[in-house]
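Working notes for the structure below.
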Amino acid sequence: MTDQLSKVFAALSDPLRRDIVARLTTADATVSELAEPYDVSLQAVSKHLKVLEDAGLVSRGRAAQTRPVHLEAQVFDLMTKWIERYQQQAEQRYQRLDAVLAEMNDTEAKPRRKGKAS
1 MTDQLSKVFA ALSDPLRRDI VARLTTADAT VSELAEPYDV SLQAVSKHLK
51 VLEDAGLVSR GRAAQTRPVH LEAQVFDLMT KWIERYQQQA EQRYQRLDAV
101 LAEMNDTEAK PRRKGKAS
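Residue numbers (the UniProt record's numbering): 1 to 118.
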């Protein structure tokens with residue numbers, strides 16, 4: 001799981017690949033369609049797609065003469081579970097910190113009694 005997760009995060013570290021993934025959330029597309037808005041070659045887009053494919057983020061199908069690229073959404077479930085686990089741990093630490101700070105504020109807010117001189 002961690003190895004695949006590392007590949008996924010590495011694949012998404014590139015802005016062009018993130019943009020390709022974002023575009024694939026609406027519909028499958030061919031390499032030519034994906035390359036259209038960028039000032040890069042079809043080969044460059046194909047290399048980016050290979051990285052996304054190796055990470056399990058996309059797959060390529062066959063439809064007549066084209067090979068549409070499809071987003072594999074279940075990979076996002078893996079990422080989401082990983083993020084949620086660490087988010088819960090962080091929230092628990094913040095709750096403990098809030099409790100300590102509240103206790104410190106309560107202690108400081110209590111007036112101190114002056115001792116009587118004998």
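Note that beta-carbon positions come from the ideal geometry of N, C-alpha and C, so glycine has one too. It should be emphasised that the depicted structure is a prediction, and the values quoted were computed from it without experimental measurement.
Check: Beta bridge counterpart(s) of Val75 as assigned by DSSP; Outcome: Paired residues: none, contrary to the question.
Check: Ser32 versus Arg85: straight-line alpha-carbon distance, rounded; Outcome: 38 Å
Check: Spatially closest choice to Gly56 from Gln87, Gln43, Val21, by CA coordinates; Outcome: Val21
Check: Within 8 Å, strictly: CB atoms of Arg62 and Thr30; Outcome: no
Check: Arg67 (DSSP reduced to helix, strand or coil); Outcome: coil
Check: Proximity below 8 Å, CB of Ser59 to CB of His70; Outcome: yes
Check: Of the residues Arg93, Thr25, Val75, Leu34, the one placed nearest Val8, counting alpha carbons only; Outcome: Val75
Check: Bridge partners - Arg60, DSSP secondary structure assignment; Outcome: Val69
Check: Status (buried if at least 16 other CB within 10 Å, exposed otherwise) for Ala102; Outcome: exposed
Check: Segment limits, alpha helix (DSSP H) that includes Asp54; Outcome: 42-54
Check: Proximity to Glu72 [Cα-Cα], best of Arg18, Ser13, Thr25, Leu5; Outcome: Thr25
Check: Other residues of its chain near Asp28: CB distance less than 8 Å, five sequence neighbours each side excluded; Outcome: Gly61, Pro68, Val69, His70, Leu71
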